[in-house]
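Please read the structure below before turning to the comments.
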Amino acid sequence: MREISARMLAEERLECFRDALDRPDGFQVREGTNWLVRRDGATVSCFRISSGKARIVAEERSWRSSQLDVQGYASPAAGGLLFSAAGSVTYINSDGSIRWQFDHAPWEDSAIAKGACALTPSGSHVLATLRGPDDEEGRYAGDVCAVLDSESGDLVGQEIIPVYSGVYSFNHSLEHSNHVFLNAAHGQNDTYSLIINALSGDLNITQAGQVGDPLTGNCLDGSHFLKIDVGGDWLTLCEHRRDGSCPEKAEARTSDLNEYPDHQFVGKPGFVDLNTVLAAVAEETWSAESEHLLLDAQTLIPWARVSYPSEVSARPLPLGDGSWLTIENNSVRRWAG
0 MREISARMLA EERLECFRDA LDRPDGFQVR EGTNWLVRRD GATVSCFRIS SGKARIVAEE
60 RSWRSSQLDV QGYASPAAGG LLFSAAGSVT YINSDGSIRW QFDHAPWEDS AIAKGACALT
120 PSGSHVLATL RGPDDEEGRY AGDVCAVLDS ESGDLVGQEI IPVYSGVYSF NHSLEHSNHV
180 FLNAAHGQND TYSLIINALS GDLNITQAGQ VGDPLTGNCL DGSHFLKIDV GGDWLTLCEH
240 RRDGSCPEKA EARTSDLNEY PDHQFVGKPG FVDLNTVLAA VAEETWSAES EHLLLDAQTL
300 IPWARVSYPS EVSARPLPLG DGSWLTIENN SVRRWAG
């Protein structure tokens, strides 16, 4: 396997980010760009990654409120902030004032279930995962994905999804497509990956590939996306077609990696650009050390290993513009091959 030397393009110091990436809202695509989100007590800070590769952060937005000092999911939203807590979804304006708060039935077990929220790409609606209703016999029917009006917070519609007290995360495509991606983790081994179109306020939800493999990384063109095995044994490239189908186009298995047969894919593999996928492999899911591999974006065949001018053990965050980030302690670095 070839070796590609990484070039460091920028380095900045950002406090308390290593733990942030372990949360569902730590790294997001919103408004056609990448964001890092940090929560520290009652303060939420959103960092927009610069489109210029000579720097890392282009903009920082911060909010401080007692309403944020709870377990929840934070999402940047057109200059404001959306926050999903155990029994509410709140839209906070850029000046810190509350635009609206939508209260809903709290999760039966908020230690397990964790809702999420996101502004739709058009900005007209908010998607939120909430506790669902009971059926006529009093049994829980399943969690729901709800559509709220972004100006008023009024409920526009909702649909039951096949998950019970799940852990959720939303992601946009970098190209501003109408689709929103939703990971819905159910228990330790099952994850429903869903694609949602709510352009007109009506929900159109389709299953993104097989059940069990969560979506990972970024999506560049709105149609091709990556899924990772929960155990890290394989990485799959899928295509979302106009008819709603999502066939698998390619697969990479760690068992086929001659140099890393006992490793697994870890972190958030994603597209460096339209031609290249960057993925980390390690001996264990939580291993401190990992190797970074470049894969062909059409076939997922590994073609190079990344080497760094100084020691780098953190898992990479591909940005889709030819560069990627690594975060070591409080040092955030931007790289290119």
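The opening residue of the sequence shown carries number 0 in numbering that gives the first Met the number 0; numbering runs sequentially from there.
Note that CB positions come from ideal geometry on N, CA and C, so glycine has one too.
**Study point:** Alpha carbon of Pro161 to alpha carbon of Tyr191, nearest angstrom
**Key:** 8 Å
Check your understanding: Of the residues Asp24, Trp285 and Leu316, which one's Cα is nearest the Cα of Leu292?
Key -> Leu316
**Study point:** Close beta carbons around Gly78, own chain, < 7 Å, minus the five adjacent residues each side
**Key:** Ser93
Review point. Do you know how far the Cα of Leu8 is from the Cα of Ala197?
Key: 38 Å
**Study point:** When Gly200, Lys267 and Leu118 are compared against Gln157, the one with the closest alpha-carbon
**Key:** Gly200
Check your understanding: Considering only the beta carbon of each residue, do Ala127 and Ser83 sit closer than 8 Å?
Key -> yes
Point to revise | Distance between Ala207 and Phe264 (C-alpha atoms, nearest Å) | key: 20 Å
Review point. Does the Cβ of Gly186 lie closer than 7 Å to at least one heavy atom of the ligand PLP?
Key: The ligand PLP is absent from the structure shown, which contains no ligand whatsoever.
Check your understanding: Start and end of the beta strand (DSSP E) containing Asp272?
Key -> Gln263 to Asp272
Point to revise | Pair within 8 Å by beta-carbon distance, Asp21 and Tyr72 | key: no
Practice item. Would you kindly check if the distance between the Cβ of Ser172 and the Cβ of Gly221 is under 8 Å? Key: yes
Point to revise | Beta-carbon proximity list for Glu250, same chain, < 6 Å, skipping 5 on both sides | key: Trp233 and Thr235
Point to revise | For Asp102, three-class secondary structure by DSSP | key: strand
Point to revise | Residues sharing a beta bridge with His239, DSSP | key: His239 pairs with nothing; no bridge assigned.
Check your understanding: What span of residues does the beta strand (DSSP E) with Asn328 cover, start to end?
Key -> Neither: Asn328 is in no beta strand (DSSP E) and is coded neither H nor E.
Point to revise | 6 Å CB neighbourhood of Gly269 in its chain, flanking five on each side removed | key: Gly216, Asn217 and Pro317
Practice item. Within 10 angstroms of the Cβ of Asp18, are there 16 or more other Cβ atoms? Answer buried if so, exposed if not. Key: exposed
Review point. Taking the C-alpha atoms as reference points, what is the distance between Ile300 and Leu324?
Key: 22 Å
Review point. Hey, how far is the Cα of Ala112 from the Cα of Pro246?
Key: 30 Å
Check your understanding: So is Leu13 in contact with chain D if we call contact Cβ pairs under 8 Å?
Key -> Among the chains in the structure shown there is no chain D, since it carries only a single protein chain.
Exercise for review: Could you please give the first and the last residue of the uninterrupted beta strand (DSSP E) stretch that includes Gly156?
Suggested key: Leu154 to Ile159
**Study point:** Three CB pairs or more closer than 8 Å across the region 105-121 and the region 59-76
**Key:** yes
Review point. In its own chain, which residues sit with a C-beta less than 6 Å from the C-beta of Asn33, not counting the 5 before and 5 after it?
Key: Ile48 and Leu318
Check your understanding: Which partner residues of Ile227 appear in the DSSP bridge assignment?
Key -> Leu234
Exercise for review: Identify which residue in Ala279, His239, Ser330 and Gln297 has its Cα closest to the Cα of Ile204.
Suggested key: His239
Review point. When you compare each of Asp134, Ser151 and Gly86 to Asp108 by their alpha carbons, which one comes out closest?
Key: Gly86
Point to revise | Beta-carbon proximity list for Ser65, same chain, < 8 Å, skipping 5 on both sides | key: Ala41
Point to revise | Same chain, Cβ closer than 6 Å to Cys45, neighbours up to 5 away in sequence not counted | key: Trp34, Val36, Arg60 and Pro75
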